[in-house]
Amino acid sequence: MKKYHFKTPKVNILALPPVEQRLHTLVLAMKTLAELTGGRLNPYMEQQFKDYAGNLLAEHNRKLLTPLEERWLGVVNFAESELGKKVPLNGPHYRGHLGTWVRTFYPQLGDRQETRLVNGVQQPIYVYAGAVRFCQIR
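First residue of the sequence shown: 0, per numbering that gives the first Met the number 0; consecutive thereafter.
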């Protein structure tokens, strides 16, 4: 039998230049357009340029100011999602006891609180960074 070999074409994915370069190009284009039209730009077009420049700067600043993605989890969420443990709703080792135990024996994990919905009621709960690893619960 004859074997066929197919060549897959290489696709070059083009990246946009940095924001500073795009903004500089936009300013030069606006100056050139103003020179060509004698300084009489259509007000709608002028506003479009300003909006585009504002959006460029806003997106650039948002990316700079946004920290790395952080996940803050309640202790029960952490135990169930990160450690794969099922925390019972009632009994001797229920959800409330787990939070008290963690705050008592691991105070170095912090005391950040957020208001979250717990059993149908908004209440403050202690939350911990998702990257924090608790000891294995047995």
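Ideal Cβ placement from N, Cα and C applies to all residues, glycine included.
The structure presented is a predicted model; accordingly, all values stated were derived computationally and were not measured.
For residue i, the three-state DSSP class (helix, strand or coil)
{"i": "Tyr51", "result": "helix"}
{"i": "Ala128", "result": "strand"}
{"i": "Leu72", "result": "strand"}
{"i": "Gly109", "result": "coil"}
{"i": "Asn60", "result": "helix"}
{"i": "Gly38", "result": "coil"}
Whether residue i touches residue j by CB criterion (8 Å)
{"i": "Gly53", "j": "Val126", "result": "no"}
{"i": "Tyr51", "j": "Leu32", "result": "no"}
{"i": "Arg102", "j": "Trp71", "result": "no"}
{"i": "Gly129", "j": "Glu81", "result": "yes"}
Unbroken alpha helix (DSSP H) run spanning residue i, endpoints
{"i": "Arg21", "result": "18 to 35"}
Residue i - containing beta strand (DSSP E), residue span
{"i": "Pro87", "result": "Element bounds for Pro87: n/a, residue is neither H nor E."}
{"i": "Arg115", "result": "112 to 117"}
is_contact[residue i, chain B] using C-beta, thresh 8 Å
{"i": "Asn54", "result": "No chain B appears in the structure shown, which is made up of a single protein chain."}
Paired residues, beta bridge with residue i - DSSP
{"i": "Val120", "result": "Val117"}
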